[in-house]
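Residue numbers (the numbering used here): 4 to 369.
Here's the structure we're looking at; comments come further down.
Here's what the structure looks like:
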């Protein structure tokens, strides 16, 4: 019995250590798995112009962008060559492309404001086709994502005639943007008066496999979630600052179906870094504040750095660029140069876009 008891005790200890290790692996992606720390950032200006560029995405081997005054284009990361284009509707309309989605065959660009104009660019022949034109006092779309060439989703500010028929606007297409259907309000969580989205960097919506997350701001800073590509929806509360028109969540990203981050703050007080960053480990059901009172203040974009096992984050905003190697617990400011958005193709290289500029960048590591 004593020998048997000893064996049982050893098995218990080994099991306990194994459980502890599993808990560590499941609940925290630590900096032990991360590659070398980032010390500086090297920025190379490629475009300097009088346009504002808030939409940027990598796909089909290129960085695609959309900006103000109908400007759009692509950049080849191999030689940094640039192809530019302009869509001009009329002399008085400033077409503000703030949402972009790149699939295998197409690039979709969507304007903010009314009229909302959605164009599709065919990669094979550069053909440009107008798919959607929508006008109205409440028409203002904030973000657009596509799962593939055919199926996509758009979110925008609330639409509807009264409080019983008013909600965040969500449109879906299953035929490459040729037709869109708008979700009925009764299928969405109850609308909060004064809640809306921000067309800051096409980053307040994230899709991953069949999952969709939408971040809001204004009077409420919530996350709306669908596990089935927008058929059914739930709402999750967050600790991000809200209550006034320019506060809330401006950007989000998910490393996998469980681990995600949100960032935002107060656009009118960009240096305030309290209650503006949070992380989830359960798919958005609950959120924990990150480094409140430390690190970046208001930011319009955040992303997990590729190939870093979900450890590293890059936050981008008008006050500069910040890097974290431990999921936002601590931060290092890399530059005071302000940008609206960033896109990365690996753990070191990417592209930045902002007010009057597009720049390539490289993260320098220890």
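Quick reminder that beta carbons are idealized off the backbone N, C-alpha and C, glycines included.
First through last residue of the beta strand (DSSP E) which encompasses residue i
i, result
"residue 48", "41-62"
"residue 85", "85-89"
"residue 380", "Since the displayed the chain opens at 4 and closes at 369, residue 380 lies outside it and no answer follows."
"residue 371", "Absent from the model: residue 371. The displayed extent of the chain is 4 to 369, so no value can be given."
"residue 162", "155-162"
"residue 304", "304-307"
"residue 126", "Here residue 126 belongs to no beta strand (DSSP E), and DSSP marks it neither H nor E."
"residue 232", "First-last for residue 232: undefined, no H or E at that position."
"residue 103", "99-105"
"residue 264", "263-269"
Within 8 Å, strictly: CB atoms of residue i and residue j
i, j, result
"residue 216", "residue 257", "yes"
"residue 111", "residue 346", "no"
"residue 155", "residue 104", "yes"
"residue 160", "residue 140", "no"
"residue 307", "residue 293", "no"
"residue 60", "residue 364", "no"
"residue 178", "residue 153", "yes"
"residue 266", "residue 324", "no"
"residue 296", "residue 53", "no"
Collapsed DSSP secondary structure at residue i in the structure displayed
i, result
"residue 143", "coil"
"residue 336", "strand"
"residue 65", "strand"
"residue 291", "strand"
"residue 182", "coil"
"residue 364", "strand"
"residue 20", "Residue placement at residue 20 is flagged as unreliable, the pLDDT there being 44, under the threshold of 50; the coordinate-derived value follows with that caveat. Here residue 20 sits in helix by DSSP."
"residue 167", "helix"
Alpha-carbon spacing of residue i relative to residue j, whole angstroms
i, j, result
"residue 57", "residue 100", "8 Å"
"residue 250", "residue 195", "15 Å"
"residue 242", "residue 341", "26 Å"
"residue 337", "residue 218", "26 Å"
"residue 120", "residue 39", "44 Å"
"residue 233", "residue 69", "25 Å"
"residue 172", "residue 113", "15 Å"
"residue 176", "residue 192", "21 Å"
"residue 157", "residue 269", "24 Å"
"residue 355", "residue 81", "16 Å"
"residue 277", "residue 244", "8 Å"
"residue 222", "residue 285", "25 Å"
"residue 321", "residue 197", "25 Å"
"residue 366", "residue 282", "23 Å"
"residue 348", "residue 93", "36 Å"
Neighbour-count burial assignment, residue i, 16 or more Cβ in a 10 Å radius
i, result
"residue 353", "buried"
"residue 83", "exposed"
"residue 303", "buried"
"residue 127", "exposed"
"residue 74", "buried"
"residue 264", "buried"
"residue 287", "buried"
"residue 329", "buried"
"residue 89", "exposed"
"residue 189", "exposed"
"residue 368", "exposed"
"residue 87", "exposed"
"residue 51", "exposed"
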